[in-house]
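At position 29 of the sequence shown (counting the first as 1) the number is 29 in UniProt numbering, and the numbers step up by one without a gap. No residue lacks a Cβ here, since even glycine has one placed at the ideal position from N, Cα and C. Please read all numbers here as calculations on a predicted model, not as lab measurements. Single-structure report; data block below.
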Amino acid sequence: MPGLMLTTHESRYATVEETCAALTSSIEANNWQSPATRDMTASIAKQGITLDKQVSIVELCNAKYAQEVLATNPEVSTLMPCAWGVYEGEGGKIYVTGMNMGLMAKIFGGNIAKVMGGSVADDEAKMLAPVIAE
1 MPGLMLTTHE SRYATVEETC AALTSSIEAN NWQSPATRDM TASIAKQGIT
51 LDKQVSIVEL CNAKYAQEVL ATNPEVSTLM PCAWGVYEGE GGKIYVTGMN
101 MGLMAKIFGG NIAKVMGGSV ADDEAKMLAP VIAE
């Protein structure tokens, strides 16, 4: 099931930090906001636990789309803001992963399907295009 719920792409960039910076630039260039980038490796290290690979989370939000969804379905606020995981995989390759918005939209249906499966999915594809290797 995780293979269906998530999409994963190889980054064009050599490091997690470069990939996060490129994502943030692309997010902002597409009139979205990136409220935070969270270095999960550092956060976990503060608790005395070592994570062998670099992992970060880049948050992204579009207030217009958030309002459209939350006006009718405030319960999905638990899924906001949207986020992409950026991590170091096997062989040092860097990957970007996120929710499969098209599938998630179909599962929820209604207004969520309209917004997340339409505008959000389209915008996410545009934002990812300059960052992923595919």
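According to DSSP, is residue i part of a helix, a strand, or is it coil?
i	result
residue 56	strand
residue 97	strand
residue 11	strand
residue 135	Because the chain is modelled from 1 through 134, residue 135 falls outside the range shown and cannot be assessed.
residue 41	helix
residue 47	coil
Throw me the rounded Cβ distance for the residue i and residue j pair, which I believe falls under 8 Å.
i	j	result
residue 7	residue 100	5 Å
residue 96	residue 132	6 Å
Nearest by alpha-carbon distance to residue i: which of the options is it?
i	options	result
residue 18	57, 71 and 134	57
residue 79	94, 123, 61 and 4	61
residue 27	133, 127, 131 and 132	127
residue 36	76, 21, 125 and 121	21
residue 90	53, 38 and 129	53
residue 106	121, 71, 94 and 40	121
Please report the distance separating the alpha-carbon of residue i from that of residue j.
i	j	result
residue 114	residue 108	10 Å
residue 110	residue 117	10 Å
residue 139	residue 51	Any property of residue 139 remains undetermined from this structure, which presents the chain solely from 1 to 134.
residue 102	residue 47	36 Å
residue 125	residue 9	11 Å
residue 67	residue 16	31 Å
residue 129	residue 11	10 Å
residue 29	residue 65	17 Å
residue 84	residue 98	5 Å
residue 123	residue 14	24 Å
residue 76	residue 70	7 Å
Considering residue i, what are the terminal residues of the alpha helix (DSSP H) in which it resides?
i	result
residue 124	121-128
residue 24	16-29
residue 110	110-114
For the beta strand (DSSP E) holding residue i, just list the boundary residues, first then last.
i	result
residue 82	82-88
residue 72	No beta strand (DSSP E) contains residue 72, which DSSP labels as neither H nor E.
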